[in-house]
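> When we follow my numbering, the leftmost residue of the sequence shown carries the number 13, and every step to the right adds one. Note that beta-carbon positions come from the ideal geometry of N, C-alpha and C, so glycine has one too. This structure is a prediction, so every number in the text was calculated from the model and none was measured. Got a structure here, written out as structure tokens. Questions coming.
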Amino acid sequence: MIHNKTALTFILSLSICFQMQAQDFALPRPPKDMKSIPQRAGYVVEHYWDNADLDELAKAFLETAPERKSGDSDPELEQAFVNYLSVFPLTESDSLCAVCASRLMYRADSLGEAAVSVILDLAEKYLFNADSPMIQEEYFRGFADAADSCRNVPAAQLSKLPFWYIAMDSNRKGHEIEHFSFETEDGTMLDFNDVEGERLLILYDPDCKDCNRLIEELSAKELDCVVVAVALNTTRERFRSHAQSLPALWVKGWDCEGMTNGGAFMIRHFPDLYLVDDSGVILAKHRVEF
Numbered sequence: 013m014i015h016n017k018t019a020l021t022f023i024l025s026l027s028i029c030f031q032m033q034a035q036d037f038a039l040p041r042p043p044k045d046m047k048s049i050p051q052r053a054g055y056v057v058e059h060y061w062d063n064a065d066l067d068e069l070a071k072a073f074l075e076t077a078p079e080r081k082s083g084d085s086d087p088e089l090e091q092a093f094v095n096y097l098s099v100f101p102l103t104e105s106d107s108l109c110a111v112c113a114s115r116l117m118y119r120a121d122s123l124g125e126a127a128v129s130v131i132l133d134l135a136e137k138y139l140f141n142a143d144s145p146m147i148q149e150e151y152f153r154g155f156a157d158a159a160d161s162c163r164n165v166p167a168a169q170l171s172k173l174p175f176w177y178i179a180m181d182s183n184r185k186g187h188e189i190e191h192f193s194f195e196t197e198d199g200t201m202l203d204f205n206d207v208e209g210e211r212l213l214i215l216y217d218p219d220c221k222d223c224n225r226l227i228e229e230l231s232a233k234e235l236d237c238v239v240v241a242v243a244l245n246t247t248r249e250r251f252r253s254h255a256q257s258l259p260a261l262w263v264k265g266w267d268c269e270g271m272t273n274g275g276a277f278m279i280r281h282f283p284d285l286y287l288v289d290d291s292g293v294i295l296a297k298h299r300v301e302f
């Protein structure tokens, strides 16, 4: 179900995108008989690059590299790419977005190494890098899958493929979360699967500023799920001290079994979030909308 907030986001996203019509390419307008937002968003994603001169955009992007490093440049291709990604969630279809991502990669591959390199760099920056506010590994998978079969991917990027897949396959969205247990405040062990209902799992470091900022934000919200906050990279004493500042209704735990040291999770950034349904299937990973 699309809520009014999401509908507004769609309208705003497209209004930003259509501002680029005065530049090098005209963006697609969905047919009038497409009424639903997912349909219209899907059409935009499928046809977004139809009228773009991708080769010229990629060359311009590479030529402005020095200016980008100094913060003096806002290249057209990068802004267009961000606008493109902003429409992905509104399609409500990870598979469609992955297919469209692969299609863009194959088109770049037909233009040569420079175009492939630029598109893959941007995809990694916005969809895979752990500190990106747009991180979404299921979307990035489309770019990675295509890179695995493209002819013109630079060797440096090809060498990243194994790491990309390890990260993406670790507790993948749509799959059951890996089994793990944690120690509670009173010293007893609790299995994550013994916590009933839909759960928001927060993996955090008590001394991480971003973690504490998120915890403060969530503490002020009424969430329709059980919050399970598990502290990592810390001592039992620090965990117990910090746990006293967390909401009473939250389930609080300490990672005493090493979730990241050859364990169940590959954590690239704190805090790390997982929304898990009552059957143990991951609904969202890293980035969760509240």
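State the start and end residues of the unbroken beta strand (DSSP E) segment that holds LEU66.
LEU66: not part of any beta strand (DSSP E); member of the alpha helix (DSSP H) spanning 66-75, first to last residue.
> Buried or exposed: TYR286, going by 16 or more other Cβ atoms within 10 Å of its Cβ?
buried
> Answer yes or no: do GLU58 and CYS112 have a C-beta to C-beta separation smaller than 8 Å?
Closer than 8 Å, so yes.
> Just confirm the distance between the C-beta atoms of LEU108 and ILE131, as a whole number of angstroms; I'd bet it's less than 8 Å.
Actually they do not touch by this definition, with Cβ atoms about 18 Å apart.
> In terms of residues, what are the limits of the alpha helix (DSSP H) holding LYS264?
Per DSSP, LYS264 belongs to no alpha helix (DSSP H); it is in the beta strand (DSSP E), 263-266.
> Starting from the C-beta of TRP61, find all residues in its chain whose C-beta is less than 8 Å away, skip the five residues before and the five after it, and write them out in chain order.
PHE37, TYR96, LEU116 and ARG119
> Just to confirm the assignment: which complete beta strand (DSSP E) runs, minimum length 3, are found wholly within the stretch 187-217?
193-195, 201-203 and 211-216
> Out of LEU66, ALA276 and ALA260, which one is the CA nearest neighbour of ALA179?
ALA276
> Classify ALA241 as buried or exposed, calling it buried when 16 or more other Cβ atoms lie within 10 Å of its own Cβ.
buried
> Whose CA, out of ASP106, SER171, ARG163 and LYS137, lies closest to the CA of GLY186?
ASP106
> Give the straight-line distance between the Cα atoms of GLN148 and ALA135, rounded to the nearest whole angstrom.
Looking at the two C-alpha atoms, the distance is approximately 10 Å.
> Please report how far the alpha carbon of PRO283 lies from the alpha carbon of HIS191, in whole angstroms.
PRO283 and HIS191: Cα-Cα distance of roughly 19 Å.
> Measure how close the beta-carbons of ALA72 and GLU88 come, nearest whole angstrom, since I'm counting them as under 8 Å.
7 Å
> Cα separation between ALA128 and ASP290?
Just to set this straight, residue 128 is Val in the shown sequence, not Ala. In a straight line, the C-alpha of VAL128 is about 41 Å away from that of ASP290.
> Would you say the stretch 245-263 touches the stretch 217-225, given that touching needs at least three Cβ pairs under 8 Å?
yes
> Does the separation of the CB atoms of GLU188 and GLY270 fall below 8 Å?
no
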